[in-house]
Each structure stands twice: as structure tokens, then as C-alpha cells.
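So the sequences go chain by chain: A, B, C and D. Residues in the first sequence are numbered consecutively from 1, following full-length UniProt numbering. Residues in the second sequence are numbered consecutively from 1, following full-length UniProt numbering. Residues in the third sequence are numbered consecutively from 1, following full-length UniProt numbering. Residues in the fourth sequence are numbered consecutively from 1, following full-length UniProt numbering. Even glycine gets a Cβ: it sits at the ideal position worked out from N, Cα and C.
4 protein chains.
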Amino acid sequence: MSEIKKVVLAYSGGLDTSIIAKWLQDEYQCEVVTFTADIGQGEEVEPARAKAQAMGIKEIFIEDLREEFARDFVFPMFRANAIYEGEYLLGTSIARPLIAKRLVEIAKDVQADAISHGATGKGNDQVRFELGAYALMPDVQVIAPWREWDLNSREKLMAYAEQHNIAIENKKGKKSPYSMDANLLHISYEGGVLEDPWAEPEESMWRWSVAPENAPSEPTYIELTYEKGDIVALNGQAMSPATIMAELNKIGGANGIGRDDLVENRFVGMKSRGCYETPAGTIMLKAHRAIESITLDREAAHLKDELMPRYAKLVYNGFWFSPEREMLQAAIDHSQKVVNGVVRLKLYKGNVIVVGRKSESDSLFDESIATFEDDKGAYNQKDAEGFIKLNALRLRIAARKRQAK
Amino acid sequence: MSEIKKVVLAYSGGLDTSIIAKWLQDEYQCEVVTFTADIGQGEEVEPARAKAQAMGIKEIFIEDLREEFARDFVFPMFRANAIYEGEYLLGTSIARPLIAKRLVEIAKDVQADAISHGATGKGNDQVRFELGAYALMPDVQVIAPWREWDLNSREKLMAYAEQHNIAIENKKGKKSPYSMDANLLHISYEGGVLEDPWAEPEESMWRWSVAPENAPSEPTYIELTYEKGDIVALNGQAMSPATIMAELNKIGGANGIGRDDLVENRFVGMKSRGCYETPAGTIMLKAHRAIESITLDREAAHLKDELMPRYAKLVYNGFWFSPEREMLQAAIDHSQKVVNGVVRLKLYKGNVIVVGRKSESDSLFDESIATFEDDKGAYNQKDAEGFIKLNALRLRIAARKRQAK
Amino acid sequence: MSEIKKVVLAYSGGLDTSIIAKWLQDEYQCEVVTFTADIGQGEEVEPARAKAQAMGIKEIFIEDLREEFARDFVFPMFRANAIYEGEYLLGTSIARPLIAKRLVEIAKDVQADAISHGATGKGNDQVRFELGAYALMPDVQVIAPWREWDLNSREKLMAYAEQHNIAIENKKGKKSPYSMDANLLHISYEGGVLEDPWAEPEESMWRWSVAPENAPSEPTYIELTYEKGDIVALNGQAMSPATIMAELNKIGGANGIGRDDLVENRFVGMKSRGCYETPAGTIMLKAHRAIESITLDREAAHLKDELMPRYAKLVYNGFWFSPEREMLQAAIDHSQKVVNGVVRLKLYKGNVIVVGRKSESDSLFDESIATFEDDKGAYNQKDAEGFIKLNALRLRIAARKRQAK
Amino acid sequence: MSEIKKVVLAYSGGLDTSIIAKWLQDEYQCEVVTFTADIGQGEEVEPARAKAQAMGIKEIFIEDLREEFARDFVFPMFRANAIYEGEYLLGTSIARPLIAKRLVEIAKDVQADAISHGATGKGNDQVRFELGAYALMPDVQVIAPWREWDLNSREKLMAYAEQHNIAIENKKGKKSPYSMDANLLHISYEGGVLEDPWAEPEESMWRWSVAPENAPSEPTYIELTYEKGDIVALNGQAMSPATIMAELNKIGGANGIGRDDLVENRFVGMKSRGCYETPAGTIMLKAHRAIESITLDREAAHLKDELMPRYAKLVYNGFWFSPEREMLQAAIDHSQKVVNGVVRLKLYKGNVIVVGRKSESDSLFDESIATFEDDKGAYNQKDAEGFIKLNALRLRIAARKRQAK
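Structural data, given as C-alpha cells:
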């Protein structure tokens with residue numbers, strides 16, 4: 001690894017990445033550039049500026065990426081109905097490639113030779129950051145302090161912070177025992193009591209949603225309008241992707257929607273327990289399937305269903321910027337041209353219930369054929385006999401052979 | 001088609017199949033044998049005997065197939081986590097092969113040359129019955145009256161019934177406007193207002209579950225014990241498969257669990273709206289995924305996820321008795337040897353929430369590795385660098401080539 | 001089915017479709033329009049005009065579709081490396097959608113209400129013609145005489161021809177005992193002694209290629225230039241798609257290349273024996289894989305390999321004009337942007353041997369990394385340890401659990 | 001890594017692994033146990049004993065594993081019709097897990113705490129050895145000298161050998177410029193001029209087969225008898241798996257069969273050029289597909305085809321001892337119960353031509369249905385109409401919707 005002169009750090013403004021900023025300056029004797037993004041985590045990003053300045057950082061990038069995140073990452077992924085391992089809506093996974101993309105773009109701009117991040121050596125995020133970065137800037141150097149340093153306990157970190165005059169904010173109230181991550185799509189919790197998969201997390205852990213028990217006793221009805229597989233309006237009102245997600249998070253969270261508690265398989269080879277709140281995402285997945293149910297051809301839908309687990313795995317593992325994810329996306333996007341219409345949902349104490357779907361332009365639901373009543377010849381029931389007979393032919397030939405044995 | 005002498009009819013005891021029994025006698029001048037099965041539909045089957053006798057049927061088969069249904073059909077399917085089109089738990093689909101199997105077994109026993117059923121020419125059930133029958137008795141003849149006769153309206157049917165002295169029961173209260181089908185796994189609703197996919201069904205349609213709104217305001221906690229992927233005990237008490245399902249239907253229904261409202265793609269080529277109540281199934285799917293989450297290898301789980309849509313489609317389309325379904329089952333069953341342990345669930349107003357999973361014998365969740373705390377060397381974070389570097393290699397080589405253009 | 005006034009017939013000019021033309025006029029009392037296409041079958045199409053006129057046909061369409069066939073059907077299919085059941089290069093399958101497309105386009109032009117073809121009721125071609133037609137003109141009526149009439153033996157056909165003054169050409173020499181079909185991609189043989197899958201066909205059956213035994217004893221070397229996955233030049237000389245195929249058929253056939261003898265599974269449910277000569281196709285498949293081997297990303301290539309059997313099945317079954325084939329094509333075509341370069345092949349007595357592949361612009365083969373010699377740090381062998389360790393982690397955890405039992 | 005006391009080395013008897021044996025003794029100050037296996041590489045293994053003794057090795061294992069290799073590794077893989085990237089028959093890949101298995105079994109027997117092998121840090125073999133070992137003995141330590149030492153050139157190795165009195169055999173004749181690996185399934189060549197993928201290897205490289213040009217001008221016909229997907233007899237004579245392979249290598253090689261020249265994608269992320277001779281395997285793959293073509297159900301065959309690339313990738317990447325490979329094997333093996341019969345092949349100058357296949361007990365080829373002649377009602381052509389109509393229904397509904405736009 002050649003000498004590092006300048007490194008762009010994904011900087012949250014929090015204690016850990018502040019320590020990293022200092023450590024990079026000391027350890028590598030290099031200039032540090034910070035990059036802080038608002039991707040809907042729900043915290044102010046501007047305070048990161050003063051903190052960075054206090055550490056002598058000269059080049060400070062602070063950006064609002066919420067629309068890009070929603071439009072170019074979250075929405076395409078929801079066209080795929082992506083769920084990892086039947087449960088996880090990929091909230092953390094989908095944010096990493098965007099951060100990686102901006103890190104290397106900035107690195108090119110400021111002529112840095114390295115990037116750095118605060119992800120640990122046990123998790124998926126290091127993989128997602130670094131695969132994204134390498135795919136876009138193949139000769140970038142990556143510094144992952146958690147894999148290098150010996151500050152491997154809270155105590156050592158605190159000592160380092162104190163020794164280097166890094167402000168340790170004492171947030172009001174108790175410090176969360178959980179490791180958390182948030183963006184427009186979700187907030188996640190790991191660690192603490194969750195390390196025992198038999199233990200139920202206490203109610204106080206959850207931050208974005210009320211418990212179903214505490215949600216309103218009256219349901220909320222909403223309508224979502226789709227164009228080419230993407231939501232373009234809520235209750236008839238056109239909104240940008242990020243606004244839609246923010247609104248759905250609010251409405252969903254208020255109705256106790258989007259909590260998930262699961263054990264997942266990390267790309268690095270271990271199982272880990274995570275809890276997630278994904279109010280908008282939970283609504284979006286259900287609604288997207290509903291609008292597809294009346295507009296998408298059967299075999300297109302089934303092909304999507306068979307490709308989905310692979311797509312989700314690619315996103316989870318950090319292969320967003322890969323030819324294979326792009327190939328799948330091309331197939332999926334091709335199918336979405338006809339996914340236009342409106343879905344009506346009932347939200348009630350944790351439940352997302354589809355109560356209606358319609359599409360003037362693209363509905364393939366043909367009442368005149370499907371009806372239990374007289375269809376006036378729209379469908380010839382006699383066709384079914386030949387259909388069944390030929391579908392059965394191979395099974396009958398094989399059965400005769402077995403009988404003959 | 002050669003002359004029919006004796007036909008075995010799948011006989012529910014209801015008006016439609018009673019008319020079919022009469023019509024077969026008249027039209028084919030053949031002997032009719034009735035077969036009525038209890039597969040957990042929740043209605044008495046014994047009354048079918050007197051009705052059949054009243055029509056002059058001499059050979060009457062009435063059987064309780066609930067355990068066989070749960071053990072040999074529903075449970076193997078749930079090992080696959082099967083869902084059709086992201087929503088449908090295959091409640092009707094999975095019952096048909098069993099009926100087909102018994103129909104042809106009886107046909108062989110009584111030396112009948114044909115079987116008959118009451119499924120229409122527009123639906124999936126005709127396909128499922130007939131594919132099942134042909135696969136097991138390749139030269140059986142199948143009579144599907146709905147594809148043959150001209151009794152294609154309620155009025156004509158009623159006239160036929162009256163004319164032939166077939167008792168039309170006037171069930172107390174209003175007749176349901178829906179076409180329904182029930183067994184241990186679910187009850188389904190089609191037709192009526194559901195033919196408009198934008199219309200929300202009225203609350204009175206649902207029969208097996210209370211509305212989430214009317215479910216208890218206190219959650220119910222249950223524990224399910226798994227052996228080789230199958231539930232063997234509820235709250236620590238060993239039970240047979242059918243008993244478990246009956247119990248979970250009761251508990252789930254009381255907590256507003258298992259309603260689904262969807263538009264599905266039929267094998268015969270049309271879209272159709274259906275509503276389903278699947279209380280036990282909804283709980284079983286969630287719980288099975290949870291026990292797999294700590295006991296199943298990652299790649300085994302992912303392979304199952306990728307094969308699942310195909311498995312579900314095979315069941316939906318009626319290919320239960322096919323070499324390809326059996327091949328998939330062999331792979332799935334192989335994976336389930338280690339799926340042993342206990343899942344704890346919280347049921348609350350429509351929500352099935354996993355709150356704990358454990359497996360003394362087979363948990364692959366290794367706290368010492370996954371921990372956020374010091375792992376004492378169980379996992380070497382430095383390994384991650386090489387892992388990422390080699391996973392990135394192909395992406396980097398390609399990126400360099402693009403840069404050089 | 002409503003009354004037919006005008007029907008467009010896929011007319012080869014041969015005896016069978018001449019009989020059909022007459023039969024349609026008689027049976028349906030309708031006007032018949034003929035459509036005859038040159039898709040490279042190697043016979044003159046112009047003579048069909050006089051024959052049609054002799055039967056009183058007024059609207060006669062004769063078209064040269066060779067370039068459209070090669071460019072829009074064969075070439076896209078070869079981007080997918082499509083092979084059905086590990087052996088069959090889909091020569092017949094890929095021609096049918098084009099014929100169907102032109103049939104319905106002409107039907108619209110001449111305001112016909114029906115189309116007709118000469119495919120039998122046992123084969124795949126009826127399915128391919130009709131699925132194609134329905135997908136493009138959903139309310140077209142299809143007349144498939146072989147499924148309707150009672151001319152089900154050679155004798156009856158001959159009698160009918162004689163009775164209606166249809167000229168029976170006595171081609172010079174012996175009549176082939178095989179049913180044959182030819183186009184730019186292949187010639188096929190079915191029937192005759194081939195109906196016994198244990199019987200080896202006599203050498204005289206084959207028409208497009210010499211036997212390997214009779215091919216030159218000196219190899220032929222050729223170079224094929226690829227752009228975006230398609231061949232654009234042969235031995236450095238730019239050529240149109242159809243010209244390339246014609247040339248490769250000539251060169252391949254002369255070197256004994258492209259014969260195949262197999263038993264395949266038809267969509268209608270039976271197995272059938274077929275023999276095929278596909279000289280150009282056999283060369284193109286091998287060469288395309290070779291150019292992909294140095295230009296395509298590993299995971300893109302593997303995804304293509306996993307999707308290929310499904311793509312081939314769709315083409316075989318006649319679903320060319322379907323959303324699912326188009327989705328797969330979108331994914332495949334996306335991957336081909338980088339498939340540029342040259343492949344060098346040695347053709348010798350039935351063998352197609354790749355002896356070189358290169359791509360100035362897009363080769364991902366990096367000698368400096370792959371070398372067995374000192375790579376000067378291009379690849380860090382130490383990375384492999386971490387790569388292996390983390391790939392092994394889940395296997396080790398599971399093995400420890402098994403040991404503990 | 002804890003202290004190593006005893007290590008089992010995969011020892012070929014050649015220079016490289018002799019140097020490793022010495023280096024391990026010196027570097028780790030540990031006892032070295034050698035393991036040398038005959039897996040059909042075509043060289044004597046017994047001479048390894050004296051060489052090991054000369055270096056002071058006390059525990060020396062020399063084993064003939066040919067039958068186990070053929071029966072438990074090669075044959076199961078050929079049931080899957082496995083080919084990697086459309087070309088490679090996995091000759092090296094399939095041998096590694098067996099060596100890994102014996103290494104750890106011996107390690108357990110002799111109470112060694114580590115294993116060692118001579119694979120480099122750039123290739124797939126290190127991965128295959130180590131994944132296999134970790135899966136069977138999770139806490140084994142692995143020493144991969146090529147990733148550790150600084151003997152990274154031929155010169156340094158020679159110097160080390162000389163310095164430590166390791167005999168450098170001067171094989172008669174010219175030393176091969178290629179890196180080679182051989183076993184019962186194949187011999188492989190890498191390096192040298194092959195590092196340029198545009199260069200054709202000289203004829204003298206190939207060792208197991210004659211050039212097609214030099215093969216006999218008379219074809220050789222053989223018959224292979226299959227039971228449950230495995231070859232059990234050659235030309236009617238029952239033989240053990242390893243014997244069959246040895247015979248087919250001889251016959252195939254004499255007829256110029258089984259050469260392949262390709263660029264493949266390694267698991268570690270780079271492309272590499274390899275040439276292979278796989279005479280028996282090339283014949284076995286073609287023959288297995290042929291016997292399946294008449295005995296295997298269509299959908300079982302298609303499912304196998306879709307799973308095959310994944311299976312091949314697992315074997316290539318070294319995941320033989322993994323739950324997912326075992327799941328796929330369970331599905332594949334389930335399908336092979338009916339794969340019984342005889343295949344007749346013509347071998348001629350590089351060509352493997354199937355000329356007949358038959359199966360008394362399990363042929364699904366039904367001449368009475370498939371015939372072009374009158375089938376006497378075995379198949380009702382009218383069924384095809386309904387079959388096509390319902391297969392087309394979804395396409396027609398969608399086309400109508402598009403028309404209405």
C-alpha cells in the first residue's frame with residue numbers, strides 16, 4: 001500500500017467517526033476530508049461542520065442526498081419486491097452504495113488517494129462500502145480503522161477521545177444500549193439484549209413506530225398512485241420520492257407498522273440478530289405487489305419472484321454496482337412499464353391491508369372472463385379439457401411405464 | 001372415450017354435487033359411487049350418506065382424512081415456506097391432490113372406469129384434480145360436468161334439482177353471495193362483489209377470524225416446537241399435525257390473524273380476486289422461517305428461497321404428483337434435518353410477531369462470534385480485508401478497463 | 001367462432017399447403033391469401049406464385065425475410081447461448097414467431113379475419129405459430145386444418161389432391177422418407193426410421209453437411225469479429241447477419257460440422273426423435289462463448305448460464321412474443337455491450353475448436369494478475385487467506401455444532 | 001494461531017511438495033506426516049515413500065483412492081451433467097474435496113493439529129482444499145506455504161532445494177513449460193504460452209489424446225449401460241467406476257476426444273486460460289444426456305438443467321461438502337432412479353456421436369404417440385386447440401389492453 005496523502009472519511013459527526021478522523025491524522029499523517037450526508041437519518045447534519053472544523057479539517061462536504069437516495073436506490077429496489085431471507089427490507093444495505101459513490105466522487109474531486117469509513121470488521125457494511133468504492137474507483141485505497149487499530153473496547157475509545165480532546169457529547173437521558181443505523185428507509189438495532197435470540201426486546205428500544213397496542217383504534221385509509229412501478233402520489237397528491245417516503249414513515253409509524261425482529265445471515269459468514277423499523281417500506285412492498293397483481297403478466301410476475309431472492313442477496317452483499325445487479329434491474333425495469341394505477345390500503349395497528357387496486361390503462365383483470373356468472377362466451381370452458389390433457393400427457397406416459405413394471 | 005360403467009364422484013353432500021350425481025346417472029346411465037372426505041372443512045360429512053342413499057347410490061365412501069392431509073400434504077409444503085405470488089398460502093391447491101389420490105384409489109378398489117368432480121371449467125381445481133388423477137391412474141376417464149352440460153346458470157340448476165327431486169336445503173339466514181372452499185388450512189371466498197378488485201369486502205364475509213379491530217386487546221403468546229421442520233408441540237404439549245392446525249386456527253382466528261385479499265393468476269390464464277382466511281398457516285409460515293433463521297445454513301436457506309416460487313407454482317398448478325415437485329421436496333427435506341427448536345410468538349390483532357427462537361441441538365447463532373463486545377479472538381477482523389479484496393477483484397479489473405477507454 | 005371471410009395462409013408452395021389452400025376455399029367458402037417467405041430454406045419461393053394463382057388465389061405475398069430473420073431473431077437468441085435440453089439449437093423454433101408476425105401483419109393489411117398454417121396437431125409448431133399470432137392480434141381466428149379435417153393419411157391427401165386437380169410434383173429421384181424443415185439456421189429431420197431411437201440414421205439422410213469422414217483432411221481456420229455480442233465480420237470482412245450465416249453454413253457444412261441426433265421433449269407432452277444440421281449455429285455458439293469468456297464479467301456470465309435454460313424453453317415453447325422472454329432479453333442484451341472482439345476457430349471434421357480470442361477494448365483477461373510468474377504485486381496472495389476463512393465460516397460453525405452432538 | 005506440533009501434508013513426491021515438507025519442518029519445528037494418493041494421475045505413488053523417508057518423515061500414508069474418487073465424487077457429479085461456464089468438466093475441482101477429506105481424516109487419526117498443501121495463493125485449489133478441510137474439521141489449522149514464504153520464484157526454490165539437499169530429479173527430455181494436474185478425470189495445462197489467450201498451444205502440449213488429425217480413420221462404436229444414472233457396463237461388460245473411466249480415457253484419447261481450450265473465471269476473481277484433456281468425461285457427459293433423453297420426465301430434465309450451473313459453480317468453488325451441494329444432489333439423485341438403459345456411441349476423430357439409446361424398463365419414448373403415421377387414437381389432436389388457447393389467454397388479454405390504448 002502506497003503512502004496516503006489525503007483521505008475522504010464518511011463522517012457522521014458522532015464520537016466514533018470523530019475518533020477516526022483524529023486517528024487518521026495521527027496514524028497516517030495525512031489530510032482528512034470529511035463527508036457527511038443527510039439520507040433521512042433524522043438528525044441534523046450541519047453540526048458535523050463545526051466538529052470537523054474543531055479537529056482542523058479543511059475540506060468539509062455536507063450534502064442532502066435524500067432525493068437521490070429515494071429515487072435512484074430505494075425506488076428501483078422496490079420495483080424488484082426485494083426482501084432478504086423472507087424478512088429483511090434491506091434498509092441499511094441500500095444506503096451504502098450511495099455513500100460509497102459520493103466518497104469516491106469526492107475523492108476524485110479533491111484528489112484524495114484513499115477513503116475511510118467507520119464500519120467494523122465483522123459486519124456487512126464494510127463490504128458494501130468497499131465493493132462500491134472499488135467498483136467505481138478501482139485503485140482507491142481503503143482505510144478501515146476498525147480492522148487496523150487496537151481500540152477494540154469502549155474504554156479504549158473513550159480514553160483515546162479524552163486524550164485527544166474529542167468532545168464526548170452526553171446526550172440527555174440514558175444512552176441506548178443498541179447499535180443503531182437510520183436512513184429514510186429504516187432504523188435498525190443490533191447488540192445489547194438482542195444478542196440472545198430468545199430474548200424479546202423491551203418496548204423502549206423502538207423509536208420510529210408506536211407499538212401496535214398504542215396505535216389508534218381507528219384505521220387509516222390511504223391511496224398510492226403508481227407510474228411505471230414507482231409511487232408518484234399519496235392520496236392523489238403528487239410528491240417527490242423522498243417526500244413520499246417521509247410521509248409514509250410518519251403515517252406508518254403512527255399506525256404501528258413496520259417493526260421486524262429477525263436473525264439474518266451476514267455475508268461475512270455469521271448469523272446476527274437485528275430489529276428494524278421500516279414503516280414506509282413495509283407499506284410500499286405490500287402496495288407494489290398489489291398494483292402488480294392487476295397489471296403484470298403472470299409469467300413476468302413469476303420470473304420476478306424467482307429472480308428476487310438473488311437480487312436481494314446482491315443488494316445485501318454489497319454488489320449494487322455490479323453487472324449482474326444491473327442485468328437483473330434491466331429485466332425488472334422492462335416489466336414495470338405497465339405497472340400503473342392506484343392501490344388503496346387500510347392501515348391498522350401494525351396491519352397493512354390491501355382493500356382495492358385499479359388501473360384504467362393497464363389492468364389485466366378481465367371481469368367478463370373471470371366471472372362466476374354467465375360470461376357470454378368470453379371463455380370457452382371446453383378449452384380446459386385439452387389444456388389439462390396435454391399438461392397431463394407426460395405424467396400419464398410415465399405412469400403407464402411404472403404400471404408395466 | 002369408451003363407455004362408462006361406474007364413476008367415483010367427489011361428493012360434498014351439497015346441492016351442486018348432488019345434481020352432478022343425478023346427472024351422471026341420467027346422462028351416462030352409469031353407476032355412481034360417492035366419496036366424501038373430512039379434510040377439516042368444518043362441516044359434518046356423515047349427512048352426505050343419507051343424501052347419497054336417497055339418490056340410490058349404493059357404494060358410499062366417507063372418510064376422515066384430516067391427519068393425512070396435515071401430515072403428508074400441508075406439513076411438507078410448509079417446509080418449503082411456500083407462498084404463491086408473494087401472498088397466497090395455497091390452501092385450496094394443497095387439498096386437491098389428496099382428493100384426487102383417494103378418488104383413483106377408490107376407483108381401482110371398486111373397479112370404476114371414471115372419476116368425476118364438481119369443479120368448473122374456468123378454475124384451477126379442475127386442473128389439480130385431473131392432473132393428480134392422471135398421474136396416479138393414467139387411463140382413468142374424467143367427467144367434468146361443468147365443462148359438458150348446459151346447466152350454466154343458477155336458475156337452470158335449480159330447475160334441474162326440482163325436476164329430479166333433489167333436496168335444496170334452505171340454510172338458516174341469508175345465503176352467502178360468495179363461492180367458498182374450506183379445509184384445515186383455509187377458507188376461501190370468490191365471486192360476488194370481489195369481482196371488482198377495487199371493492200373492499202364487507203366484514204360479514206369473513207367466517208374464521210374476527211376482525212383485528214375485534215380481537216382481544218391483550219396479546220397471546222405461544223411456543224411452537226419443531227422437529228425436522230415440522231411442528232410437533234404447541235406450548236410444550238405434543239400434538240398430531242391436524243390437532244396443531246386446528247388449535248392454531250382457533251388461536252389465530254381469535255386474534256384476527258390470517259386474512260388475505262388478493263388478485264392471483266390462475267393456471268388457466270386469467271386473473272381472479274380471492275379472499276382467504278388462513279390463521280394456522282399464517283402463524284406456521286412465520287414461525288417456520290424463524291426456526292430456520294437460527295438452524296439453517298445461509299446458502300441452504302438461500303437455495304430454498306430461490307426454489308420456493310417454483311415449488312409454490314407447481315403446487316398451485318396441480319403438479320403435486322410430479323417428478324419435479326418430488327425432486328424439490330427431496331432437496332427441501334434434506335435441509336430440514338437440522339430444523340429443530342422452539343419459536344416463541346406474540347399474536348396480537350392480526351400481527352404474528354416472532355419474539356424468540358432457540359435450538360439447543362442445532363442453533364448456528366454463535367454469540368461469541370456475532371457479539372459487538374470483545375469476542376476474544378473468535379473472529380479475526382483482518383480476514384475481512386482479504387475477503388473483500390478478492391470479492392472486489394473482478395469489479396476492479398472491469399473498472400480499470402472502462403477507465404482506459 | 002364467427003364466420004370466416006378471408007384467411008391468410010402460410011404457404012410453402014408444396015403439396016400439403018396447396019391442399020390446405022384448396023380445402024380452406026371449399027370448407028370455409030372464404031377467400032384465401034397466401035404468404036410465402038424466404039427464410040433461407042434453400043428453395044426458390046417465386047414458384048409459389050404460379051401455383052397459388054393456379055388455385056385462384058388473388059392476393060399473394062412472397063417475401064425475402066432472411067435478413068430480418070437473422071438480425072432480429074437468430075442473433076438475439078445466440079446472445080443468450082440458447083440450447084434446449086443441452087443439445088438442440090432451436091432452429092425450427094426461432095423461425096415460427098417471424099412467420100406468425102408476418103401472417104398477422106398481412107391479415108391486418110388485407111383485412112382478413114383468420115390465419116391458417118400447415119402444422120400438425122402433435123407438434124410444437126402449431127403452438128409457436130398460434131401463440132405468436134394471438135400475442136400480436138388477440139382476436140385473430142386460427143384455422144389449423146390438420147386438427148380439423150379427416151385427411152389423416154398420405155392416401156387420403158393424395159386422393160384429395162387428385163380430386164381437386166392439385167399438381168403433385170414428382171421430384172426427381174427418391175422421395176425423402178423424413179419430414180423436413182429448413183431455414184437459415186438449420187434443416188431438421190423427423191419420422192421414418194428415426195421413430196426408433198435406437199436406430200442410427202443412414203448417411204444419405206443428411207443434406208447440408210458432409211460426414212466428418214468425408215470432410216477435408218486439412219483444417220480450416222476462420223476469424224469472427226463480434227460487436228455487442230453479434231458477429232459483424234468473417235475473416236475481417238464485414239457482412240450482414242444473413243450473409244454471415246449463409247457463409248458459415250457453407251464452411252461448416254463442408255467441414256462436417258453441426259449434425260445432431262437427439263430425443264427431445266415437446267411442449268405438447270411427448271418425446272420425439274429429431275436429427276438436425278446446424279453448421280453456422282454450431283460455430284456461432286462456440287465462438288460466442290469464447291468471446292464472452294474474455295469480455296464478460298464472471299457473475300454476469302453465470303447469471304446468463306442460469307437463465308439460459310429458461311430462455312431456451314420459452315423459445316422452444318413458442319413464447320417469443322411474451323413479456324417474460326423480453327425481460328430476459330433485456331437482461332441479456334444489457335450484458336452484451338462489452339462483448340466485442342475477435343475469435344479464431346479451427347474447423348476440422350466435425351470439430352469446432354477455439355484457438356484464440358482477443359479484445360482490445362474489453363478484455364478482462366489480465367495477464368499481469370493471472371501469471372504463474374512473479375506478478376510484481378498485482379495480486380496479494382495473502383488476501384486469499386481471509387477470503388477462504390470467511391467463506392468457510394458458516395461451514396465451520398455448523399461443523400462445530402455437529403461435533404458437539 | 002496456536003503452536004503447530006504435527007502437520008499432515010498433501011505430498012505428491014515432486015519437487016515443490018518436497019520443499020514444502022522440509023520448509024514445514026524448519027519453519028514450524030513440527031513433525032510432518034505425508035499423504036500421497038493415487039487418484040488416477042497416471043504416475044506411480046510408491047516412490048513418494050522413499051523420498052519422504054529421506055527427509056526424515058516417519059508417518060507416511062500412500063493410498064489408492066481411484067475407486068472412491070470415481071464412485072463417490074465423479075459419478076455423482078456426472079449425474080448432474082455438470083459443466084462450468086459451458087465448457088469445463090471440473091476435472092481438477094472434483095478431486096480436491098477427496099484429498100481434503102483424507103487429509104483431515106488422517107489428521108484426526110495421527111492427532112495432527114494442522115494440514116498443509118502445495119496450492120498457490122492465486123488459484124482455486126487452495127480454496128477447495130481449505131473449504132473441504134474446514135467443513136469436516138472446523139478447528140484444523142491450515143498451512144499454505146505459497147501464501148507465507150518468500151520462495152516466490154523458480155530460482156529461490158531451486159536454491160532452497162539445493163541448500164537442503166532435496167533431490168531435484170532431472171526427468172529425461174525437455175521439462176514441460178506448463179503447470180499440469182492430472183487424475184482419472186482429466187489432465188490440465190496452465191501457464192507458458194497459454195497466458196496469451198490468442199495463442200494456440202502447440203500440439204506437443206497434449207499428453208492424453210492424439211490430435212483428431214491423427215486419430216484412426218475408422219470410427220469406434222461403444223455401448224454404455226446405465227443404472228440409476230451411473231455407467232455400470234462398457235460394451236456389455238460390467239466394470240467398476242474407476243475401471244470404466246480408465247477404459248473410456250483410453251478409447252476416447254485414441255480417438256482424439258476430450259480436448260478443451262478455454263478461458264475460465266476463477267473463484268478468487270481473475271480470468272485464467274486452461275487447456276484440458278477429459279476423454280472419459282466428454283464421452284460420459286454426452287452419453288448421460290442421451291440416456292436421460294429417453295428416460296427422464298421433461299420437467300425433471302428442465303429442472304436439472306436450470307440447477308446445473310449452480311451445482312457446477314459450487315463444485316468449482318470448492319463447496320462440495322456444503323449443505324447446498326447436498327440439497328442439490330438429493331434432488332438430482334431422486335431423479336436418477338429411472339435413468340436406466342443403454343446408449344450407443346460412435347467415436348470418430350474428436351467427435352462423440354450418439355447413434356442410439358434404449359431402455360426396456362424406463363423409456364418414456366412412446367412411438368405410438370409420437371409417430372407421424374396414424375396413431376390409432378393414442379393422441380387426440382383436438383386437445384391441442386384448448387392447450388394453445390389457454391396458454392395464449394394471458395397474452396391475448398394483454399394484447400387487447402395494448403390495442404385499447
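| Query | Result |
| --- | --- |
| Terminal residues of the alpha helix (DSSP H) in which Phe35(C) lies | Where Phe35(C) is concerned, there is no enclosing alpha helix (DSSP H), although the beta strand (DSSP E) it sits in stretches over Glu31 to Asp38. |
| Cutoff 7 Å; reference Glu67(D); Cβ partners in own chain excluding five residues on either side | Ser240, Pro241 and Ala242 |
| Residue nearest to Glu360(A) in terms of C-alpha spacing, selected from Arg79(A), Ile244(A) and Val338(A) | Val338(A) |
| Any chain D beta carbon closer than 9 Å to residue 409(C) | Because chain C is modelled from 1 through 405, residue 409(C) falls outside the range shown and cannot be assessed. |
| Counted within 10 angstroms of its Cβ, other Cβ atoms place Ile168(A) as buried (16 or more) or exposed | exposed |
| Phe61(A), enclosing beta strand (DSSP E) - first and last residue | Ile60 to Asp64 |
| One or two residues paired with Thr6(D) in a DSSP bridge | The amino acid at residue 6(D) is misidentified as Thr; the sequence shows Lys. BP columns for Lys6(D) point to Glu31(D). |
| Cutoff 8 Å; reference Lys172(D); Cβ partners in own chain excluding five residues on either side | The predicted position of Lys172(D) is uncertain, since its pLDDT is 49 and thus under 50; a value taken from the coordinates is nonetheless stated next. No residues qualify anywhere along the chain. |
| Any chain A beta carbon closer than 9 Å to Lys172(C) | Bear in mind that the predicted position of Lys172(C) carries a pLDDT of just 49, short of 50, making it too unreliable to give a figure here. |
| Host beta strand (DSSP E) of Leu262(A) (start-end) | Arg259 to Asn265 |
| C-alpha gap between Gly121(D) and Asp38(A), whole angstroms | 42 Å |
| Under 8 Å by beta carbon: chain D residues contacting Met270(C) | Asp366, Ile369, Ala370 and Tyr379 |
| Backbone CA spacing between Lys6(A) and Asp230(B) [nearest angstrom] | 57 Å |
| Collapsed DSSP secondary structure at Lys358(C) in the structure displayed | strand |
| Contacts around Tyr311(A), its chain only, beta-carbon distance under 6 Å, and the 5 residues preceding and following it disregarded | Ala80, Ala82 and Leu328 |
| DSSP-derived helix/strand/coil call for Leu185(D) | coil |
| Gly356(B) versus Lys175(B), Asp260(B) and His288(B), residue with shortest Cα-Cα distance | His288(B) |
| Proximity test, Cβ basis, 9 Å: His302(B) and chain C | no |
| Integer Cβ distance of Arg102(C) from Glu130(C), believed to fall under 8 Å | That pair is no contact at about 15 Å. |
| Limits of the unbroken beta strand (DSSP E) element including Asp230(A) | Asp230 to Leu234 |
| Alpha carbon of Leu90(A) to alpha carbon of Val74(A), nearest angstrom | 9 Å |
| Span of the beta strand (DSSP E) around Gln329(B) | Note, Gln329(B): premise wrong, no beta strand (DSSP E); alpha helix (DSSP H) at Pro323 to Ser335. |
| Pairwise C-alpha distance: Ala100(A) and Ile19(A) | 20 Å |
| Min CB distance Ile60(D) to chain C below 9 Å | no |
| Nearest to Asp333(B) (by Cα), restricted to the options Ala301(B), Gln141(B), Arg396(B) and Ser322(B) | Ala301(B) |
| As assigned by DSSP and simplified to three states, the class of Ser204(C) | helix |
| 9 Å Cβ cut-off: residues of chain C touching Arg394(A) | Asn265, Gly269, Met270 and Lys271 |
| Three or more C-beta pairs below 8 Å linking the segment 145-159 of chain A and the segment 376-389 of chain B | yes |
| Leu65(B) versus Ile4(C) - alpha carbon distance | 53 Å |
| N-terminal and C-terminal residue of the beta strand (DSSP E) that Ile222(C) is part of | Thr220 to Glu227 |
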